[in-house]
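A.B. asks: Take this structure first; my questions come after.
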Amino acid sequence: MNNFIPAKFRPVLFLLLLYAGLIVLPHFLKYHQQDFLIFLTINILVVVSYRLVTLTGEWSLIHAVMMGVGAYTSALISKNFDISFWITLPLAGVMAGLVALLLSYPLFRMTQFYFLIGSFAAGEAIRLSWIQFIKPFGGTGGTSAIPSPELMNIDFLEPIPYFYLVLIVVSICVYLLYRIENSRIGLTLHAVHWKGVLAESVGVNTWNYRTLAFVIGSLFVGIAGALKVHYIGTVAPKQFDIGFMVFILIWVIVGGYRTFYGAIIGAVVLSVLDEILRGVEQLRPAIYGATLIFFILYLPGGLESLPQKIKQKFRANRESAT
Amino acid sequence: MELLIQTVVNGLIQSGFYALAAIGLVLVFGVMRVVNFAHGELVMIGAYTIWFVHAQNGVPYLITVVLAILLVTALGLLMERFLFRPMTGDPLGGLICSIGMLFILQVIATYVGGEGPSKQVPPPFEGTLVLMDSVRIPYQRLFSITVAVFALGILWYFLTRTKFGWAVRAVSMDREAAALQGISTIRVSMIAIGVGAAMAGLAGALMAPLTNINPHMGHNVIIAAFIVTIVGGVGSLPGAVIASVLYALFHTFVTTYFSGTIATISGLVIMVLVLIVRPTGIMGHRVSE
């Protein structure tokens, strides 16, 4: 069976089947499951863009707020100036990227622990500003009645057309992020992480590369933020708090951060689990917390390392049997 | 003028809580190089103990304060044993474990207290001290600041005058050198988190009658503790106490004359500025990696 399809075409075939499945899938789902599918697709862009930021080895705690920057930008411009979603969507990314560029000057003077705390503080300061400055952000309750996209006669208030829109945008973004990671830039980012001093000694400006990763990651998560709030119709500071940031961390860690698809697996598996746990609303955070601790203690490679671990175990068993 | 004096007094009282809450964070980071994100939740558990045991079940306040300290200390020791010790040498892993713990403690608090509005505990010490006809200090606050200063005094004595205290300080200065001197780093870690958690429990117990108790109250505590830790200098206990006084005065003034949110925003901005300009803080020294 394996010889039927040449190895070269297997990934292509896999993607074709995946997309065929994704196009058909929403038609078989209930209304709230379609919602869930839309948010899951957006969250995939969130974790993949976060992965680019972490490639240089710095775990920031500001990614969720960057998503908010994009979301607020797109929501406020399209609502107050009556500008089309198709223009505010890229603007959201540009704005998040610009804010990231500005923040990179103070933040990248720090590393490790200091960077973590610094990024948390900067993010929290931005988020509290949305609460404090009721004009134009709308305070704790946020801003609602955000216009939905318009294109020909398609009704983007319906989940299925909006899902297709999200699927297309996220696919393009994830593809771009994949290309970036596998380009010369991506390899340099790996080098900055694992051998920072060595990379510097051969002429790599590590500061510039860290900034680049941070700006590009923020740009894409800004787009994800815009996609989210134009569907919900409301943007509020609560959506981008440290709680959501922790979810991003959990997805990436449980999925595994050593490969590109690890984070995607984490987001999909845990979101589905989350959907199943909907009945025990109160317990959910504790289950998440316990899962996180379990993975970091016993399976630090994440879900993506699981098949290999099992294979090793089997091999060890067979060897001890013979 | 009265408002000015009143604000200074309020700020000074507030600084006691900040110092108690921040000390644990500083001790644990100094000794174990782990940022304990669940530290605010330890304070929250302390406050919940007062609400549940004292306000709901009628056990005298002072006994419950001791109980809260013991409970939170035990919790801290459990976290050291099962989370931070296996994660030695992996600061990110320790941090993530503590985030997991944060969620678990919040859910426990929700189960004990139920959902709904924040809990209130009637102050066990009633009455108000009136100075100069206008400056008012409720006895409860006076009690809290006295106990806080007393606890910090004991801690200072412990760290500078006892053998255990020397060991704690030696490990936070240079872990390997301390180990080579025959100091058990594991035991010192347990002392550090035990003392830190005890202070957090005390902070929660003292705060309980003066604040709204809810499962998410740890969030504001941890933000204040971070700011105080960074501004005071990571790993420096005197720095943390000085920074607590400064930040509490600053926060109380901005809250009185502008708003609480603006106070927190400016605190965070100051913290980022300190990180840029003087990452060692006002009293800190460079930590060894």
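Line by line, the protein sequences give chains A and B.
Residue numbering for the first sequence follows the numbering used here, starting at 1061 and increasing by one per position.
Residue numbering for the second sequence follows the numbering used here, starting at 2 and increasing by one per position.
Ideal placement from N, C-alpha and C gives every residue a C-beta, glycine not left out.
List the residues that DSSP assigns as beta-bridge partners of residue 131 of chain B.
C.D. replies: Counting from 1 along the second sequence, the entry for residue 131 of chain B is found at position 130. BP columns for residue 131 of chain B point to B:137.
A.B. asks: If we call anything under 9 Å between Cβ atoms a contact, is residue 1200 of chain A one with residue 1298 of chain A?
C.D. replies: Start at 1 with the first residue of the first sequence, and residue 1200 of chain A comes out as number 140. Start at 1 with the first residue of the first sequence, and residue 1298 of chain A comes out as number 238. For residue 1200 of chain A and residue 1298 of chain A, yes; Cβs fall inside 9 Å.
A.B. asks: Under 9 Å between the Cβ atoms of residue 1159 of chain A and residue 1281 of chain A?
C.D. replies: Along the first sequence, one-based indexing puts residue 1159 of chain A at 99. Along the first sequence, one-based indexing puts residue 1281 of chain A at 221. The answer is no: Cβ separation not under 9 Å.
A.B. asks: Cα-Cα, which of A:1115, A:1096, A:1124 is closest to residue 1303 of chain A?
C.D. replies: For the purposes of this step, residue 1303 of chain A is identified with residue 243 of the first sequence, where counting begins at 1. For residue 1303 of chain A, the nearest C-alpha among the options comes from A:1124.
A.B. asks: Examine the ligand ZN and report whether any of its heavy atoms sits within less than 8 Å of the Cβ of residue 1153 of chain A.
C.D. replies: The ligand ZN is absent from the structure shown, which contains no ligands of any kind.
A.B. asks: For residue 206 of chain B, collect the residues of the same chain with a Cβ closer than 8 Å to its Cβ; drop the 5 residues on either side in sequence, then sort them by chain order.
C.D. replies: In the second sequence, residue 206 of chain B corresponds to position 205, counting from 1. Contacts found: 47, 48, 50, 51, 65, 66, 69, 70.
A.B. asks: Three or more C-beta pairs closer than 8 Å, one from the segment 1074-1082 of chain A and one from the segment 1316-1336 of chain A: is that the case here?
C.D. replies: At 8 Å Cβ cutoff, the stretches do not touch.
A.B. asks: Take residue 107 of chain B and list the residues in its own chain whose beta-carbon comes closer than 6 Å to its own, dropping the five residues that flank it on each side.
C.D. replies: By 1-based counting over the second sequence, the position of residue 107 of chain B is 106. Counting only Cβ-Cβ distances below 6 Å, and skipping sequence neighbours, we find 216.
A.B. asks: Kindly indicate which residue of B:31, B:98, B:179, B:151 has the alpha-carbon position closest to the one of residue 1359 of chain A.
C.D. replies: Within the first sequence, residue 1359 of chain A is the residue found at index 299, counting from 1. Nearest of B:31, B:98, B:179, B:151 to residue 1359 of chain A, Cα basis: B:98.
A.B. asks: Can you look up residue 1102 of chain A in the DSSP assignment and give me helix, strand or coil?
C.D. replies: The sequence position of residue 1102 of chain A within the first sequence is 42, counting from 1. Looking at residue 1102 of chain A - three-state DSSP - the assignment turns out to be helix.
A.B. asks: Note down, in chain order, all residues in the segment 1297-1329 of chain A with a beta-carbon under 7 Å from any beta-carbon belonging to chain B.
C.D. replies: For the segment 1297-1329 of chain A, which is checked against every Cβ of chain B, the residues closer than 7 Å are 1306, 1309, 1313.
A.B. asks: Check residue 122 of chain B in the structure and name its three-state DSSP category.
C.D. replies: Taking the first residue of the second sequence as position 1, residue 122 of chain B is located at position 121. Reduced to three states, the DSSP call for residue 122 of chain B is coil.
A.B. asks: By Cβ distance below 7 Å, which residues in the same chain neighbour residue 176 of chain B in space, the five residues on each side in sequence not counted?
C.D. replies: In the second sequence, the residue the question calls residue 176 of chain B occupies position 175. Contacts found: 186.
A.B. asks: Is there a Cβ of chain A sitting closer than 9 Å to that of residue 92 of chain B, yes or no?
C.D. replies: By 1-based counting over the second sequence, the position of residue 92 of chain B is 91. Residue 92 of chain B counts as touching chain A.
A.B. asks: Under the rule that 16 or more other beta-carbon atoms within 10 Å means buried, what is residue 289 of chain B, buried or exposed?
C.D. replies: Numbered from its first residue, the second sequence carries residue 289 of chain B at position 288. Its pLDDT being 41, under 50, residue 289 of chain B is placed unreliably in this model, and the coordinates cannot settle the point.
A.B. asks: Of all the CB atoms in chain B, is at least one closer than 9 Å to the CB of residue 1173 of chain A?
C.D. replies: Position 113 of the first sequence, counted from the start, is the residue given in the question as residue 1173 of chain A. Interface residue, yes.
A.B. asks: Hey, which unbroken runs of the alpha helix (DSSP H) at 4 residues or more fall wholly within the segment 222-271 of chain B?
C.D. replies: List check, alpha helix (DSSP H) in window: 238-258.
A.B. asks: Exposed or buried, residue 11 of chain B, counting other C-beta atoms within 10 Å across all chains shown (16 or more means buried)?
C.D. replies: Position 10 of the second sequence, counted from the first residue, corresponds to residue 11 of chain B. The residue is buried, with at least 16 neighbouring Cβ atoms inside 10 Å.
A.B. asks: On the DSSP letters alone, give me the boundaries of the alpha helix (DSSP H) that residue 1118 of chain A sits inside.
C.D. replies: Numbered from 1 along the first sequence, position 58 holds the residue referred to as residue 1118 of chain A. Premise fails: residue 1118 of chain A is in no alpha helix (DSSP H) and is neither H nor E.
A.B. asks: Are three or more beta carbon pairs between the segment 1253-1271 of chain A and the segment 1066-1076 of chain A nearer than 8 Å?
C.D. replies: No, they do not touch.
A.B. asks: From what residue to what residue does the alpha helix (DSSP H) around residue 1169 of chain A run?
C.D. replies: The residue labelled residue 1169 of chain A in the question sits at position 109 within the first sequence. First-last for residue 1169 of chain A: undefined, no H or E at that position.
A.B. asks: Just to make sure I have the definition right: I need the residues of chain A whose C-beta is within less than 8 Å of the C-beta of residue 269 of chain B. Which are they?
C.D. replies: Mapped onto the second sequence, residue 269 of chain B falls at position 268. By Cβ distance, chain A contributes 1181, 1182, 1184, 1185, 1188.
A.B. asks: For residue 62 of chain B and residue 41 of chain B, what's the separation of their Cα atoms in angstroms?
C.D. replies: Here residue 62 of chain B is taken as the residue at index 61 of the second sequence, counted from 1. Here residue 41 of chain B is taken as the residue at index 40 of the second sequence, counted from 1. Distance between the alpha carbons of residue 62 of chain B and residue 41 of chain B: 22 Å.
A.B. asks: Can you give me the start and stop residues for the alpha helix (DSSP H) that residue 176 of chain B sits inside?
C.D. replies: Locating residue 176 of chain B in the second sequence gives position 175, counting from the first residue. Run containing residue 176 of chain B: 176-181, per the alpha helix (DSSP H) assignment.
A.B. asks: Who are the near neighbours of residue 30 of chain B in its chain, counting only those whose CB is closer than 8 Å to its CB and skipping five residues on each side?
C.D. replies: Stepping through the second sequence from its first residue, residue 30 of chain B is reached at position 29. Cβ neighbours of residue 30 of chain B beyond the five flanking positions: 36, 37, 230, 235, 236.
A.B. asks: Is the separation between the beta-carbon of residue 219 of chain B and that of residue 96 of chain B shorter than 9 Å?
C.D. replies: In the second sequence, the residue the question calls residue 219 of chain B occupies position 218. In the second sequence, the residue the question calls residue 96 of chain B occupies position 95. No. Outside cutoff.
A.B. asks: Quick one: list the residues of chain B neighbouring residue 1166 of chain A, beta-carbon separation under 9 Å, in chain order.
C.D. replies: What you label residue 1166 of chain A is simply residue 106 of the first sequence in a count that begins at 1. The contacting residues are 273, 274, 276, 277.
A.B. asks: So what does DSSP say about residue 288 of chain B, is it helix, strand or coil?
C.D. replies: Start at 1 with the first residue of the second sequence, and residue 288 of chain B comes out as number 287. Since pLDDT at residue 288 of chain B reaches only 48, below the 50 mark, its modelled position is unreliable, and the value read off the structure follows with that caveat. DSSP places residue 288 of chain B in coil when its eight states are reduced to three.
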